Amino acid sequence: MPDPIGLSSKEALERLKSLGPNEIVPLELSSRLQELKRILLDPMALMLLGLSGLYALLREYRDSLALLIAVLPITAVDVLLEIRAGQALRALRGAFRPVARVYRDGVIREIPTRELVPGDVVVFEEGQALPADGEAIEASALTVNEAALTGESVPVEKNAGDPFYGGTLILQGSGLGRITRTGASTRFGKIAGLVKETEGTETPLQRLVRAGVRRVFAIALALALILFFLEWARKGEWTRSLITALTFAMSAIPEEFPIVFTLYLSLGAWRLSRHGVLVKSLPSVETLGSVDVICTDKTGTLTEGRFQLIELRSLRPEVPGTEIERIALMACAIHPVDAMERAIHDRFHSQVTALLTWNLRYEFPFDRQKKLMSQVWESKSGNRACVAMKGAVEGVIRQCRGSAEEHAIVLALADHLSQQGHRLLGLASREGGFTGIRDEDESGLTFLGILIFDDPIRESVSGAIEECRKAGILIKIVTGDHPSTARAVAEKLKIGHSGEDVFTGEDLLRMDGAKRIQAYRDGVIFARVLPEQKHEMVRVLKEQGRVVAMTGDGINDAPALKLADIGISMGVDATDAARSSAHMVLLKNDFGGIVHAVFEGRRIFSNLKRSFSYLISFHFPVIFLALVPALLGWGDLLLPIHIILLELVVHPVSAFTFENLAPLSMAEKEARPGVRMVLFASLSGILLSVASLAAFRMHQGSGIEAARTIALATVWFGNVFFVLVESWPSPGVRFYLTSGILTVLAFLLFRIPALAGFFHLAPASGGVLLAALVLGAASSLPSWVLRHGSGRARGLRS
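Just so you know, we're using numbering that gives the first Met the number 0 here: the sequence shown kicks off at 0 and counts up by one.
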């Protein structure tokens, strides 16, 4: 057998430099160029450049230069928002890097898979996605799913000397393998060619927003064209007419919506990552706020998963205690990874030396149907052999000799212990001759006793469960434990249940389709369920209109995780199969982290609705002030430079003022932005439009610049009150900062002659600004009363 010592760090580094990283798809320069092209071809930037050229043709060089310079800040704001969203996503990708355990310098080390090189010796583990191509050098009951390459889901047995391929999945067993090919040279790399990261996927709501923006853009261009010909017919100047048309087009394009949407989801995902919740795709953030059912594992999620063996209850007084302890160790892996096996080793470590006189002959891995595993040992002297079995008490007892009455006594004891919240394992053994045939070797055993474990409740879980209850989120416990154990945990956590809503996998198998659907819908505790039953549960709940979050960490959880609206891979020990199927990865098995993620999703959508409502309210007066005076021949109320000024306000306000506000309520899941929100936002915008146009018309006798000043000041102060309406009842620091900046800017813009003149305005008196302030406040008052002035505020906002 080849020496499995692996490479030295120096050799590995040299090979990494010469052969490159173990990556199928490096970051291409073309993607950077596409991003740059998208930014440079931004419609707003192109219209600003066109208007700058038109003003130059009219020899109005000041305005031409101002518009040319304005391209930079307008584009820069969008770029900054895109960069911030991109940084948040890159931070997530950096935090969620696949790793592999390899021999380096003669010891096992955990390294990023991208640093693997040919010659590395990798450690095989159940649930692991193989990181590259190679050859097995040690194999123990090793089977691999190669469906990713072959399309055949039949497990493939691997022995020493057999090839393995990157991207395939270890189903069971252990061993070592030497890497021979990495990156694009692997079989998977040659077939795949190109992969797309899930972070690039658009969410359903994001597609809806983009489609809406495209429709508005098309309508705006059509109206701009009509306005151009109308102005040309009226004035006979194509340059002035084109300026008026492009000014309206600039006012009507709602380009902020997709930018703000992506930014909010990205920052939400980034915030979750700081709490140990890694979101693999933005659709998960969108869905989080709608979750109303959480199907959670018990062990390690509701409890600490830190098992302590508190007692070995012997049921065979004639068998010495030291022998039962040795058999308990024989039923475990030699180098245990499982938490319960580690607890057994910790408790009976003094008996480990007794195993030195025995050799392991056969390993029978955990049987998911029977809920047990066993190992056959032979003494080095060759005169003794025994099988040691452990597993679920009811599974182990079926493999044992004894009368039905004796079995009933054992099961009654197990039920009594489970009701006290203990985790149990049955222990059995038999001496004699063994064939290596599982069904034969695992029959006719003697039941020796029950291993009793404790697993304390996590401190944070009780509070999280209470928050879920207040928020209307249903909790379903899905566990591999005995139903009585799960029931005891539910009682400690005050998760309401009765005997009629506790089901086992066997119960579900005996039910017809209709009863099983009702059980999935009404059940609270599901014990000893099969992977296909978890999958069916998720499907049924989704068909009932529920938005389902499902937790898991094993290979058997992968189908349900993938089907769930939110699949959550739990803990650092989760298998690669669970992580690859999940939408979110929790670095710590803590139910509180799930609840925090759901509430963060609700907060994101609450604030996203505030931002969208603000944008709708703000766009109405800008559009009306650009369109109505031009259509009615009142003169140019808004000029391109005013659109620039307003855009420089609306972008940062919509992106940052509402992004971190607390939601109005956590008592119900956050609804999608709907018709009522649009109606109330539109009402505010229309009222402000009417007030501004009326003020403009009333002051036209004082000159176009004076009339323009009060109209624009009304819109400006109305914008401040729009922010207040959306931020109420807990405005927060960002609101006060935004309002303060806008108020100072208003004083500078409308009072200082030089600055007012630059923007084609007339310096305003205190009375004019007060009138504008009152008009702006009055415009937002009806919307504020409708939203916040009654007990129906929560419903009206949805």
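We treat Cβ as the ideally placed atom computed from N, Cα and C, and that holds for glycine. Just so it is clear, the structure is predicted and the values come from calculations on it, not from any experiment.
Extent of the continuous alpha helix (DSSP H) run through residue i
i	result
Lys9	8-18
Asn606	590-631
Ala518	512-521
Trp715	703-726
Leu451	Sequence check: residue 451 is Ile here, not Leu. From DSSP, Ile451 is part of no alpha helix (DSSP H) but of the beta strand (DSSP E) over 445-453.
Gln418	403-418
Local conformation of residue i per DSSP, three classes
i	result
Leu311	strand
Leu638	coil
Lys533	helix
Lys157	strand
Ser459	coil
Glu430	strand
Val276	strand
Arg108	strand
Gly299	coil
Ala140	strand
Ala338	helix
Gln374	strand
Ser797	Residue placement at Ser797 is flagged as unreliable, the pLDDT there being 41, under the threshold of 50; a coordinate-derived value is accordingly withheld.
Ala87	Reliability of the predicted coordinates at Ala87 is poor, the pLDDT of 46 falling under 50, and no value is obtained from them.
Whole-angstrom distance between residue j and residue i, CA atom to CA atom
i	j	result
Asn659	Trp727	13 Å
Glu196	Arg383	No answer about Glu196 holds up, because its pLDDT of 37 lies below 50 and its placement is not dependable.
Met388	Phe598	44 Å
Cys294	Glu466	16 Å
Pro25	Gln171	The predicted position of Pro25 is uncertain, since its pLDDT is 48 and thus under 50; no value can be drawn from it.
Gly765	Ser778	20 Å
Asp454	Arg305	6 Å
Thr434	Ala463	52 Å
Gly288	Ala710	40 Å
Ser378	Thr356	6 Å
Leu754	Ala761	9 Å
Thr737	Ser782	20 Å
Leu785	Phe679	8 Å
Ile740	Pro558	52 Å
Ile703	Lys469	57 Å
Asp132	Thr185	6 Å
Met536	Leu630	60 Å
Ile476	Leu424	20 Å
Ser580	Val395	32 Å
Phe743	Phe749	Residue identity differs from the one stated: residue 743 is Val in this sequence, not Phe. Distance between the alpha carbons of Val743 and Phe749: 10 Å.
Pro364	Leu354	20 Å
Ile343	Gly390	13 Å
Pro798	Asp556	There is simply no residue 798 to check, as the chain begins at 0 and stops at 797 in what is shown.
Arg520	Arg397	32 Å
Counted within 10 angstroms of its Cβ, other Cβ atoms place residue i as buried (16 or more) or exposed
i	result
Leu692	buried
Met697	exposed
Pro253	buried
Tyr263	buried
Gln532	buried
Ser417	buried
Ser612	buried
Ser17	exposed
Ser402	exposed
Tyr164	buried
Asp345	exposed
Leu224	exposed
Gly717	buried
Opening and closing residue of the beta strand (DSSP E) in which residue i lies
i	result
Arg103	98-103
Phe502	501-503
Tyr361	357-366
Arg177	168-180
Ile4	That residue, Ile4, is in no beta strand (DSSP E); it is neither H nor E in DSSP.
Lys475	473-478
Gly551	547-551
Whole-Å CB distance - residue i paired with residue j, under 8 Å assumed
i	j	result
Gln798	Phe452	This structure leaves residue 798 out entirely; the chain is present only between 0 and 797.
Val215	Ala251	7 Å
Ser7	Asp104	5 Å
Ala489	Ile524	6 Å
Val318	Leu447	6 Å
Phe721	Ser683	6 Å
9 Å Cβ cutoff, residue i in contact with chain D
i	result
Arg515	The chain inventory of the structure shown lacks chain D, comprising one protein chain alone.
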